[in-house]
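Numbering follows the working numbering, in which position 21 of the sequence shown is assigned residue number 25; successive positions increment by one, without gaps.
The C-beta atom is built at its ideal place from N, Cα and C for all residues, glycine as well.
Below: one structure, written as structure tokens.
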Amino acid sequence: MKTTSFVKRTIAWTVVAPVFAISSIAMAATWDKCGGCHNGKTAPDKAALQQKHKSADSFIKAGKATTNPMMKAFQNDADLKGAAGELGLK
Ligand code: HEC
């Protein structure tokens, strides 16, 4: 019986570990797309955006409202909501 539980545990960890690894990569992915410009030079950096926007709603609205052509590819719910979450805005 001991062998069985060892095998089960081994299988469980082989399945669970990559899922954790993938989800932590996925969590960092959205802001990675933004950081190139949102570096405090081209556009406000993470800290500046967190200070200005106290809620995800305000962040998303501002993201959609900007007429700067550089933001065009990112003015969608998936990117803006994802990034708001990564910035800790709710
Ligand atoms: C190619 C450069 C570039 C990329 C990439 C980019 N942005 Fe921007 N973003 C800008 C510029 C330029 C502005 C306008 C800054 C200003 O008006 O001061 C802006 C403005 C914003 C604003 C409005 C800020 C405010 O308070 O008015 C938000 C929110 C925002 N971006 C979010 C994002 C998110 C989220 C991403 C990634 C998914 C992203 N941006 C990627 C260039 C970029």
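- Only exposed fits Met74, as fewer than 16 other CB atoms lie within 10 angstroms of its CB.
- In the same chain as Ala66, and ignoring 5 residues on each side of it, the C-beta atoms closer than 7 Å to its own belong to His57, in chain order.
- With the rule of 3 Cβ pairs closer than 8 Å, the stretch 44–64 does not count as touching the stretch 9–22.
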